[in-house]
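J.:
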Amino acid sequence: PEAAATARRYEGWRRYLLAFRRPRGIVGASLVLLLVLTALLVPAFSDGYDQQTGNTFADPSLAHPFGTDELGRDIFVRTLFGLRSDLVLLFVGVPLAMLLGTLLGIAGGLSRALGMFLQRVFDIILGFPGLVLGIVIALILEPGSTALLITIVIVLLPGYGRLARAALLTQEQREYVLAARVLGVPGWRVLLRHILPNAIDPIIVHTAIAMVVAIFLETGLSLVGLGIQPPQPSLGTLLNTGVRFLSYAPVYVLGPTLVLLLLALAFSLLSDALNEAVTRK
């Protein structure tokens, strides 16, 4: 069983790497890498808070690719500052939801009573739209990054929990798991070396989609003023401000919308590539 488990883990990682050699994987990964590097590098050399009150609502130009806002600030640079804020939320909130959800799913799979209880809790959470939960959490706490992070984790938790529990129950019936138990391998070792490595596929694929969900949660809540709060920019707060000036400065929303769509497209392509890779065994 040990040799077989090692071979399966190697095959799993090989399939993940192959996903990035598929056209969708290449495009998706390239877009994510480009957006991350741009969000890190450009704000490091530019000031997103520099105001030029004599140059408000300027049209797009080489100096200001997305134009300027109501205070004369460069919308291109502000958009990249906002993208950086969103990426921090994504790369903290989604892994946290994955970790907590997977642990809860495993616990629910090991205990029937706990599993039934968690299923009811997950059903209740899923009974509410994510934006509604975000609004309630923002009103209970206060609008800002903390409330938004908690919203992302709570909204994504049931998906990970259900996937982990279902995968655990499925893997427990596999021959290599039964063989390991017959040979007297301790339960914790069976879980760590045989079950979890082979139950990770749906969780990995789901993570790319969870990124898209988190993106639109941030955008939706910030768009109604309950997400990240000014003066800190985010894609949602930029859209919130841009909508107010839409009648005479429609270009204001162009940059944030474009970056938002590219980010969502990138993770959607990665999800498709990963799903195709893990289902073609």
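Residue numbers (my numbering): 921 to 1201. In this text, a Cβ means the ideal position worked out from N, Cα and C, and glycines have one as well.
Give the DSSP-derived three-state secondary structure of T976 in the structure shown.
T.: Of the three classes helix, strand and coil, the one that applies to T976 here is coil, per DSSP.
J.: On the DSSP letters alone, give me the boundaries of the alpha helix (DSSP H) that S1188 sits inside.
T.: 1174-1199
J.: Mapping DSSP to helix, strand and coil, what is A927?
T.: Any reading at A927 is ruled out, since the residue's pLDDT is 47, under 50, leaving its predicted position unreliable.
J.: Beta carbon of A1130, beta carbon of A1017: below 8 angstroms?
T.: yes
J.: Return helix, strand or coil for D1121, following the three-state DSSP convention.
T.: helix
J.: Using only CA atoms, which one of L991, V947, A939 lies nearest to G1162?
T.: L991
J.: D994 by DSSP, collapsed to three states: which one?
T.: strand
J.: Apply the 10 Å Cβ neighbour rule to S1154 and answer buried if 16 or more other Cβ atoms are within range, or exposed otherwise.
T.: Buried, since its Cβ has 16 or more Cβ neighbours within 10 Å.
J.: Do L1024 and L1038 have their CB atoms nearer than 8 angstroms?
T.: Their beta carbons are under 8 angstroms apart, which means L1024 touches L1038 by this criterion.
J.: Tell me the DSSP bridge mates of T988?
T.: D994
J.: Name the two residues that bound the continuous alpha helix (DSSP H) containing I1057.
T.: Counting along the chain, the alpha helix (DSSP H) containing I1057 begins and ends at 1050-1060.
J.: Name the two residues that bound the continuous alpha helix (DSSP H) containing D1043.
T.: 1032-1046
J.: What first and last residue would you give for the alpha helix (DSSP H) that runs through V1075?
T.: 1065-1091 is the span of the alpha helix (DSSP H), which, as asked, contains V1075.
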